[in-house]
Structures are given as C-alpha cells and as structure tokens.
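In structure tokens:
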C-alpha cells in the first residue's frame, strides 16, 4: 500500500481507536478486579442468548428490507414537505424506550387505533404482545435509520450516471442491476450489522412487548446479575458474550463489503428521467405513505398525550432540559472529535472489519462501562461530580458506530476521487481536510452530529447509576415523574424530550444540508 | 463603616457555614426528586439538627458494595427487605439504637440494624368504573376470564415483581407453578419496572396492574380521582418495607443517631403518607392524615424474613420464569 498516496495521516485515527479500546478495556479490568467468584451461566441465560440473537436478526432484516424501497422512493421523488418528512422519519430512533412503547401501544395496543378500527368493521382483535411485537418495535426504532443510511447511498450516486442512463433509454431493471445494486451491496450489510447490534442490546422493549420472560435478552440478564444478584463476574461474562456476538456479526457483515466501485461525478443532484413511469410513481408514493404512516402515527400519539401534560410539568423539568442540552452538546463535540480521525483512518484500511472497533462501546453494555469507570474513579473523586461528563462520554461512545457508518462510505468516496490528485498537488493534512474533505463530508457530518445529539438527549445513559440529586438530565427527570405517579407530567416531559431531540437533530442536519448545489 | 460591617457579617456567615456539620445520606433516585419525600425531610431535619443534610442518589446496594468501607455515606435510606441480608453481610452497618417496640407495623420487627420508615403491601389495582366484577380473592383472580388483562413486573429486575412471586409462594406454596400457569392467560405482559406497568394501566392498556395497597391514595388525595381501587384478598397480601440504617464507619455518629431518632418522630412519620404515598412505620392508625384510615387494607399480612426469602427467592423466580416461558 503506497502510503504516500494518502493525503491524511492515519495516526490520529489509530489514537482514537486505541482510546476507545482502552476505555472499554479499563472498565472490564476494573470490574474483573472486584469479582468474588461467580456461578457461571445457567440454562435460562443460554435461552436468553438464543432469543436475543434470533430477535436481533429478524429485527435487523425486517428493518433493512422495506428501507430499500422507501429510500429509493425518497431518493427519486420530491413530495411536499420532503425535508420535514426526512427529518421526522429520524424521530423514532431517538425516542426514550418507554415513550416509544406507549406511542406504539396507542396504535397497536388493545385499545389502540388499529384494534378500534378492526373492531368497528367486525374483525377480531390483534395482539402486539409476543416475538412479533418485539420485532415490530425494533423495526419502528430502526427502519428510519436504515432508510437514512440507504438514502444517503442513493444520493451519493453521481447525477451523471442517471443522465447517461436516460440518454441510453435503459429500463429500470437495468438501472437497478448496474447502478443501484452495487450501491446497495456497499451500504446494506453495514446498516444490517449496526441494527443487529442495537437490537442485541435491547432490553425493556423486548420484555414489555415480548409479553414475558420468553423474551429475555442478554442485556436483561446483565442487569439482573448486576442489580439483583450483584454477581459482577456473571455480569462481566454475559457482557463479554454480548460483545462477542455483536463483534462476530459486525465482522462478518463488514468483511463481506465489496471493494469500492469508483464513481466520479460533478457533485450534482440527479434528475431521475428513468423513473417517470406512472407505475413507479404509484409504487413510490405507496412506500412513502406506508413509512410515514407506520412511523408518524405513534409519534402523533406521543405528541397528543404530551400536550395536556406540558402544563403540569414542574419547573425543575425545564432546568433538566437545559442540562440535557449541554450534555448533548458536549457529547456531540466528543463524538465528532473521535469519529472524523477514525473514519479517515478506516477509509484507508483495505478491509471493513476494523470498523467493528467502533461497535465496542455500544455492544459492551453501558451499565458495565458505567460501573467499571465508577470503580476506577471512586478512590479519587466523588463520582457524582463527574456524572454528567461521564454520561456525555458514554453517549458519545454509543453514537460512534452510527457516526462512522454514516461517514465512512462518503469518506472512502472522497479519498478515492481526490486522494491521489490532492497528494500529487501536495495538498495534505489540515489543508486537505479544510479544502477537500470537510466541504464534501458536510451533509453526512451534519446528519451524524444530529443523530449523536438527539441520541444523547434521549438516552437515560449511565447517569442513573450515580446521579447528583440536584443535576438531572431530562430523561432521568421523566423517569422520576413516572415513578411518582405523575403520568401526565411525564407525558409532557416526553413531548419536550421529543421536541428537543428533534430540534437538535434538525439544526445539525440542516447545517449539513445547507450547501445544496443548485 | 458600612462596608466593614458587611465584610464582618460575611466572614461570620462563612465561618458558620464551615462549622456546619454535614450529614451525607444515600437514597434511591426517586426519593430526592422534587415530588419525592427528600426535600421536605431535608428542610424539616435541618430546622432541628443545626447541620447540613446532603442527599446522594443512585443504586443503593450496588453502590455500597462497590464503595465498601470507603463509602462517604453516614446514613442509608431506602433499602428494601429483599436486600437487607446482602447489605448486612457487608458489615458496613451499625445498630440503629431505636426502640423497635415503637413501630406500628402489621408484623413483628426485631431487626436492630435496619429500621423501617414506611411500608405497604402488594396489591392489584383496578378502575372500578371499567371493571364490573373485580376479583374478591386470589382464587378469583386465577379464575378471571382470559380477556381480563393484568400487567406485572419482572421479579428479576423489580422489587415489586419479586414481592409478587414471594406473595404467590406464601399463598400457594408448592402449587405456585399451577398458579402461574392459570394466570399466564391473563398476564398481558411483564415490564422491567413498576413505572412502565403503571403507565400501561393508566393508559387503559391493561385492566389491572400489580402495585401497592397505597396506590389508590395518590389518586384520591392528589387527583381527587376515586375510581382506582386495590383488590383486597382474604388470603393475605405480601408486606413491603423500606428501611434506614447507620453506617458504622461514619464520621458523624451523633448526627446519624439524631437522624434515626428523627425518622421515628411524629414529624417525620406524618410527612411520609403524602410525601411517599406509603404508610408510616411508627404512627398509630388514629394519627394518620385525614382520609388515610379509610384506605382499604388487608387483614392478613404475609412476609418472609430475609433468611427465608433468601432461601426461596431463586426457586420462586425460576418457577415463575418456567411457567410463563411455555
């Protein structure tokens, strides 16, 4: 590999990767130092492992498959309120679990709109509870993410290709085979792996909608081992197991990524002359309507439930909202500082497998990370005084795999397109970042930062483990309201949370898409 | 002159501040929020102690176990009876020094380390306007038609869920597995914690929810909603208690003792019902706040001592899991 051909040094990326590995490793070593003998895994836990893997596989599959036609429809159509729709479609992903579950139940629950509708026409009730409910909820959370990732792939196809296709008068099937399929082979395995890992670590959703202990996941077993049995050894073994399953899946998915197809264009938005047939228009409209209905109706019910509660909210909730905003800002800054050098390095590595490093934080269970770090810092400082910076750091680690997945394909593209030329011109290091990379990465960077900010706002994170009683984040405050019968005020807080997360997401995403070439 | 006075006053104030002893009390997270009992307890105790009460919140037992003898806690409040055995084994705690005979619990309490400050019982809550024939006994509950749905908490992640499996064990003993199988058609779902279950109930998703005998009190006194009722069963209800205890290695032993004495005081005990939505541990029923005595409470109370519970817990949870996993 001719290193001199690369205009960006790999060193900062390697430093960032080392930092991540060290942070996770330190947490596990700290926990290991406190293990006092363990009972090993029981039959129930092996059942949990099987269930976890199965539900994560189907959740990822069913999230990704419909995301392909939805993303294609969004890529080649301009519907009214297109930008708003794309932003809103990101919303389920950032909702706190309990809020999303209540939103889903307002539609699919026993008294939900669906069953009321079915009852009105004399059809029997359908139940959401069971393995299918778990998958439904995970698809609700993750299909928007898959859609955005795949949409990004579509938008990266140079406009010139579509113009050429139109001039040659090629049918849609050929377009798919020659242009779209290679792109999907690039994007879909990565999206699948990412969603598989998120669903792997799911726990409250799986339990609530799974209908009972049949739907026990590894993460629940970790929680039980830690909180109820205080068996640190078993908790650590379980989270290593979770890490191994996640890492294995990620390695397989990322390893099969084909080598990059070199595509060069003039950075223009495509005109889709190939997709003007009536049939295709109807098909696309149907997919967009399906996605919008499935994703936005539960959100609408969250908004309706929250409006009444806004008035009931104690003023302290607003203070928590402010706390959450700056934790999210800190977390996003840290995320960008880690993700950019890391992605620049990964883009120069021939095989995709190294990307699984970024999944470490997400797959290692935040509970374990928080506990490990608590053990490490407790002898030196009061952990409560560091609760917020630690929460911001954990949130950044959680968001990292998403950011890298979003940034990596365009980063590879830019490196391929401009790397040699820039290196030949002597454009290296910071000037290369400033002149070549950052302007072209601005849209995915805005999207990644928005996602990180929104995730951080919505995540309860590790703050619950050692919170400072006077400084609470908004999700923590919402759970406190729920825990004190204040259901209405909690619904109001959930609405505020949704607005805040979407607002921060929108600002970052908007910043990214600001430079739309006309 | 004026300036000198101000300066002197400031100095005096800051000296006073520096001399004020600090009592660090570890509590559960919900406890110190604006709508929990923490703030009023702090205000009231600081009026009489000439000290600064500082709360520190988090997961109580995991945190104490991680911190060990280096813990900064002087007092720990909120340890439930299912974790006292484990907490006792740390040898971090000192005797509470209070008179157990002043307690007004429905069971006999002889523990000299963990001092109860409130209690309640497990119960299924329903909305009387939506349920024509609520179950009048546990046996009735098992015989409910399949379309009556109950939501419960997971005994592996929630204290109230654990109390439920012990409740079934106490009422039915060896027949617990059958009981869970009979109930499984009615169990809509199982949630991680109490809040999620209760949310499903108030949203109308479930007909009944596993909660506490005191839950209707919140709706009655805070919302003037008199439709939520606890189904009282003659077979008895499982007793749930929260305790307070003193750390042996505290550097504020006198203050810690004063806090424990304050917990037993009438002032503290009369705060508990409406601040914590639970029953006071050392206050005769005649002295409960207005309306509380009318709350329907079980005549028979079931409870396993911490050693009995420790022996039964694992098998009771496994029975539950196996029966509901089919």
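Residue numbers (the numbering used here), protein chains in the order written: chain L, 1 to 518; chain R, 519 to 844. Idealized CB from N, CA, C, for every residue including glycine.
Listed along chain R is no residue with a C-beta nearer than 7 Å to that of residue 309 (chain L); the closest approach is about 12 Å.
Pairwise C-beta distances place the region 291 to 298 of chain L in contact with the region 140 to 153 of chain L, as three or more of them are shorter than 8 Å. Chain R places no beta carbon closer than 7 Å to that of residue 202 (chain L), leaving this residue out of the contacts. Proximity of residue 732 (chain R) to chain L, defined by a Cβ-Cβ separation below 7 Å, is not satisfied. Under the 7 Å criterion on CB atoms, residue 584 (chain R) is classed as interfacial with respect to chain L. Burial check for residue 614 (chain R): the Cβ neighbour count within 10 Å reaches 16 or more, so the residue is buried.
Not a single C-beta of chain L is nearer than 7 Å to the C-beta of residue 599 (chain R). Within the region 725 to 756 of chain R, complete alpha helix (DSSP H) segments of at least 4 residues are found at 733 to 741, given in chain order. Annotation: the region 395 to 453 of chain L contains the following complete segments of the alpha helix (DSSP H) (minimum length 4 residues), in chain order: 429 to 432. For residue 705 (chain R), DSSP records a beta bridge to R:668. When C-alpha distances from residue 597 (chain R) are compared across R:605, R:733 and R:590, the shortest belongs to R:605.
When the Cα atoms are used, residue 407 (chain L) and residue 649 (chain R) turn out to be separated by approximately 55 Å. Assignment of beta-bridge partners to residue 572 (chain R) by DSSP yields R:542. In its chain, beyond the 5 residues on either side, 633, 778 and 782 have a beta carbon closer than 6 Å to the beta carbon of residue 616 (chain R). Under the three-state reduction of DSSP, residue 501 (chain L) is assigned to helix. Between the C-alpha atoms of residue 709 (chain R) and residue 204 (chain L) there is a straight-line separation of about 7 Å. For residue 317 (chain L), the enclosing alpha helix (DSSP H) covers residues 315 to 346.
Checking the DSSP bridge columns, you'll see residue 639 (chain R) partnered with R:757.
Taken in chain order, the members of the region 373 to 390 of chain L whose beta-carbon sits within less than 8 Å of a beta-carbon on chain R are 374, 375, 378, 379, 382 and 384. With the criterion set as a beta carbon lying under 9 Å from some beta carbon of chain L, the region 608 to 635 of chain R has no members that meet it.
Interface flag for residue 323 (chain L) against chain R is unset, since no Cβ pair is found closer than 7 Å. Shown here, residue 69 (chain L) sits in a helix according to DSSP, grouped into three states. In the structure shown, residue 612 (chain R) adopts extended strand secondary structure according to DSSP, grouped into three states. Proximity of chain L to residue 552 (chain R) at the Cβ level (cut-off 7 Å) is accounted for by 314 and 316, in chain order. Taking the Cα positions, residue 550 (chain R) is about 45 Å away from residue 290 (chain L). Under the DSSP assignment, residue 153 (chain L) falls in the alpha helix (DSSP H) whose first and last residues are 131 to 155.
At a beta-carbon threshold of 8 Å, the residues of chain R lying near residue 98 (chain L) are 713, 714 and 717, ordered along the chain.
Taking a Cβ-Cβ threshold of 8 Å, none of the residues of chain L is close to residue 694 (chain R); the smallest such distance is about 15 Å.
Shown here for residue 765 (chain R): same chain residues with a beta carbon closer than 8 Å to its own, the five before and five after excluded, namely 589, 591, 592, 593, 594, 610, 611, 612 and 774 in chain order. A Cβ-Cβ separation of about 4 Å places residue 636 (chain R) in contact with residue 796 (chain R) under the 8 Å criterion.
For residue 595 (chain R), the enclosing beta strand (DSSP E) begins and ends at 593 to 598. By alpha-carbon distance to residue 687 (chain R), the top candidate from R:844, R:833 and R:539 is R:833.
Annotation: Cβ neighbours of residue 722 (chain R) in chain L (cutoff 7 Å, chain order): 111.
In this structure, residue 215 (chain L) keeps its C-beta atom at 7 Å or more from the C-beta atom of residue 496 (chain L). Counting only Cβ-Cβ distances below 7 Å, residue 736 (chain R) has contacts in chain L at 485, in chain order. Neighbours of residue 44 (chain L) in chain R, taken as residues whose beta carbon is under 7 Å from its own, are 839 in chain order.
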